[in-house]
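A short write-up of the structure that comes next.
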Amino acid sequence: MYCIKVTEGRERIEIRKYSSAFLPSCVTAESQKAGARPVRRFVVPGYIFTIRKESKAILVPPEEWRVIEALADSHPSFIDEEGNIVSGPLAALADCIAAAKDDRVKVQAVLLGEKRAYWIPVRSAAELSAPPPEEEKPEVKPPVKKDKGEKNMEYTQEQISRILADAASVGAHAASKNAGVPWQTILRWAREAGTELPSRSVVKPAGKRGRKPAVKPEGADADLSPLELENAALREKVAQLEAKVKKLQKAIEQLM
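Listed below in structure tokens is the structure:
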């Protein structure tokens, strides 16, 4: 490995002159703030490094490059209760550890003719044997059962409550038309929620679209359900249409 001395503070500018150059950096305990993104500092300020011999480049002694490479490694190092690095890139620098604390160690070495010291953050070795935390699985609610003819979609409890509130005001059939949900589904939701719905549709206030109130067929029992009332109304309408058809047939026979 080679290095080139440059003016300190101009490293990022000078490195543009060399295609194979780079700047080793590390996170120090002083630059690591709780809750903030760690700030990386140059391991050797005032120098750029290159993998090949460029003009003005000098060879970095292998023992010094070993320290620079370990400091620049972004993988965490782990320390035991006795202050020994048991795992991580700093484990190769046991001879350079000058001091150790619970969450950091002091690395001292002579690099490129200058004695340098770095406080590097470390982690507890207990984390190596601790099982990984279990991820909380989100609660999965069973999908709402669909009735025959219902669209292929699921409804949230909020949507169901809103549709039931509309049904309580205008009736299941009108609410079915407003929400695009089969009226049988609305009746089932009402039974499950214990909500009592009106036996017939109610006209909405002026200015809002609503379904016309169902007309009770003559002779129909007042205790009939909405479905039974609708069936009775349909039978009455069919009878009226059949009577009209008979009148038309008689008129055609007279014309012929």
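Residue 123 in our numbering sits at position 123 of the sequence shown, with consecutive numbering throughout.
Every residue gets a Cβ at the ideal spot worked out from N, C-alpha and C, and that includes glycine.
Please read these numbers as outputs of a predicted model, since none were measured by experiment.
Annotation for E11: L23, F42, P45, G46, Y47 and I48 place their beta carbon closer than 8 Å to its own, counting only its chain and skipping 5 residues before and after. Shortest Cα-Cα distance from T195 to any of S124, G180, K246 and I160 involves I160. With 16 or more other Cβ atoms from the protein chains shown falling within 10 Å of its own Cβ, S77 counts as buried. The C-beta separation of V67 from L112 comes to about 11 Å, leaving the pair out of contact by the 8 Å criterion. DSSP, read as helix, strand or coil, puts L59 in strand.
In this structure, the CA atom of L197 is about 48 Å from the CA atom of I252. Annotated as distal: A36 and W119, with beta-carbon spacing of 8 Å or more. Nearest neighbour of P62 by Cα position, chosen from V170, M1, K106 and T7, turns out to be M1.
Inclusion of A72 and S25 in the CB contact set at 8 Å is warranted, their separation being smaller than that value.
By the neighbour-count definition (other C-beta atoms within 10 Å, threshold 16), T156 is an exposed residue.
According to the DSSP secondary-structure assignment, R41 is paired through a beta bridge with C26.
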